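Numbering (UniProt numbering), first residue to last: 1 to 366.
Worksheet: the structure to be examined is printed underneath.
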Ligand SMILES: Nc1ncnc2c1ncn2[C@@H]1O[C@H](COP(=O)(O)OP(=O)(O)OP(=O)(O)O)[C@@H](O)[C@H]1O
Ligand SMILES: [Mg+2]
């Protein structure tokens with residue numbers, strides 16, 4: 001178990017800066033995910049930690065050791081960084097059995113045959129694949145091949161584990177299953193893990209913390225629920241689904257015991273109370289984020305006073321999706337998106353009132 005530290009790490013290809021001053025501190029045993037759209041620099045960042053790519057600026061540490069420092073010209077090659085890696089194409093060797101695949105990194109390190117057997121057996125037990133040791137690798141399902149790739153990454157007991165979209169070849173049901181299994185294994189082994197994906201749901205369900213990347217920079221790094229419910233800005237907010245972003249004017253604000261602020265606002269045709277990170281002056285123009293699943297619907301023009309957002313409108317669209325129903329509600333100029341429980345079934349054209357708790361209405365930094 002080791003921590004991983006990136007201090008002001010950059011990487012340029014010619015004049016193209018693809019990773020730009022990234023700071024990241026991963027605690028021993030922690031699971032951190034780099035999440036971001038295609039081309040934002042996730043793989044490049046991971047490859048620099050692995051030593052497969054040199055950083056053009058900054059310092060990378062694994063445990064107490066500096067493994068790369070651009071200005072002091074320190075560079076420890078990948079094989080001496082004690083890390084396990086799993087990539088998108090797991091590169092299971094088809095001409096080998098499961099056992100031989102997992103044994104390979106130890107053979108390369110010229111370990112005695114007897115020790116290899118002990119270590120491979122242990123790694124296969126970890127991923128519950130010991131029954132398959134003598135199987136030819138191609139005679140395995142996608143999920144089983146992925147487990148072999150993880151066993152092979154773990155077999156020499158690395159201090160840290162690096163994974164780049166290791167589940168992108170799997171179908172969605174298997175991804176969820178493998179993801180849950182992998183998270184369980186990671187917590188059992190308490191192995192420091194840096195994971196890369198562009199799949200929001202995967203990042204949310206696996207990680208202790210998620211680092212949202214865009215254009216080579218980290219926009220926000222926090223626990224998944226924090227990133228989702230309390231995004232630092234609009235860009236992070238919009239990376240997860242299509243939240244409602246409502247313009248409003250501040251009426252007043254007060255500090256809550258938890259350090260956050262209760263912000264009373266008025267918008268066009270609606271008003272209420274939201275939650276924010278900092279104090280905002282009366283009459284400021286702000287944007288309030290309300291996620292579509294955070295509205296409660298009531299038929300007609302219901303009235304409610306109290307600490308809630310409250311607005312009414314006309315149902316424009318209603319789409320049944322099984323677990324939920326997607327509604328589009330016209331409120332003056334704006335269209336509000338609501339994911340309601342699917343038993344809620346207001347007629348298109350009818351009047352409806354929406355409520356949201358102030359906890360579910362988050363003030364975004366402008
Ligand atoms: N060897 C290279 N030479 C030049 N440009 C490169 C090189 N490797 C990566 N890049 C560029 O760096 C940027 C970041 O690439 P990177 O592979 O890190 O993105 P990513 O976030 O992993 O994307 P994806 O989700 O598509 O895998 C891209 O614009 C890419 O074209
Ligand atoms: Mg990539």
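Note that beta-carbon positions come from the ideal geometry of N, C-alpha and C, so glycine has one too.
Just so we're clear, the structure is a prediction, and the values are computed from it rather than from any experiment.
Within the model, the alpha-carbon separation for residue 204 versus residue 222 is close to 11 Å. Counting only runs that start and end inside the segment 128-174, the alpha helix (DSSP H) elements of at least 4 residues fall at 142-154. Here the alpha carbons of residue 78 and residue 141 stand approximately 30 Å from one another.
With distances taken between CA atoms, residue 265 lies nearest to 246 out of 257, 246, 259. A direct Cα-to-Cα measurement between residue 163 and residue 44 gives close to 12 Å.
DSSP, reduced to helix, strand and coil, places residue 78 within a helical segment of the structure shown.
Membership of residue 16 in the beta strand (DSSP E) is indicated by the continuous run 16-26. With respect to residue 124, residue 99 sits close: the two C-beta atoms are nearer than 9 Å. Among the bridge pairs identified by DSSP, residue 289 is matched with 245, 362. Here residue 302 is not bridged, per DSSP, to any residue. Taking C-beta separations shorter than 6 Å and ignoring five residues to either side along the sequence, the partners of residue 132 in its chain run 98, following chain order. With fewer than 16 neighbouring CB atoms inside 10 Å of its own CB, residue 113 falls in the exposed class. DSSP places residue 73 outside any beta strand (DSSP E), giving it a letter other than H or E. Close to ligand 2, as judged by a C-beta nearer than 7 Å to any of its heavy atoms, are the residues 42, 43, 164, 165, 196, in chain order. Judged by the Cβ position, residue 120 fails to qualify as a neighbour of ligand 1 at the 8 Å threshold, every heavy atom of the ligand being at least this far.
When DSSP states are grouped into helix, strand and coil, residue 281 belongs to the coil group. Annotation for residue 310: no alpha helix (DSSP H) segment contains it, though the beta strand (DSSP E) segment containing it runs 308-320.
With a threshold of 8 Å, the Cβ atom of residue 9 does not count as near ligand 1, since no heavy atom of the ligand is closer than that.
Contact between residue 40 and residue 259 does not hold, since the beta-carbon distance rounds to 31 Å and is not under 8 Å. Between the C-alpha atoms of residue 137 and residue 354 there is a straight-line separation of about 55 Å. Residue 179 is a Cβ neighbour of residue 202, given a cutoff of 9 Å. When C-beta atoms of the segment 261-278 are compared with those of the segment 234-249, three or more pairs fall below 8 Å, so the two segments count as touching. One Cα belongs to residue 158, the other to residue 191, and the distance between them is close to 8 Å. For residue 348 and residue 303, the gap between their C-alpha atoms comes out near 21 Å. By the Cβ test, the segment 273-287 is not in contact with the segment 319-338, since fewer than three Cβ pairs between them sit closer than 8 Å. Note that the segment 143-154 does not touch the segment 50-68; fewer than 3 beta-carbon pairs, one per stretch, sit closer than 8 Å.
Sequence-distant partners of residue 339 (beyond 5 residues in either direction) whose C-beta falls short of 7 Å from its own C-beta, in its chain, are 292, 293, 324, 326. Counting along the chain, residue 295 sits inside no alpha helix (DSSP H), nor does DSSP assign it H or E at all. Distances taken from the Cβ of residue 13 to the heavy atoms of ligand 1 include one shorter than 8 Å. In the three-state reduction of the DSSP assignment, residue 355 falls in the strand class, which pools E and B. Within the chosen limit of 8 Å, ligand 1 reaches the beta carbon of residue 37 through at least one heavy atom. For residue 270, the number of other beta carbons within 10 angstroms of its own is at least 16, and it is reported as buried.
Annotation for residue 45 indicates a beta carbon within 8 Å of some heavy atom of ligand 1. Here residue 92 carries a coil assignment [DSSP, helix/strand/coil].
Judged by DSSP in its simplified three-state form, residue 13 adopts strand.
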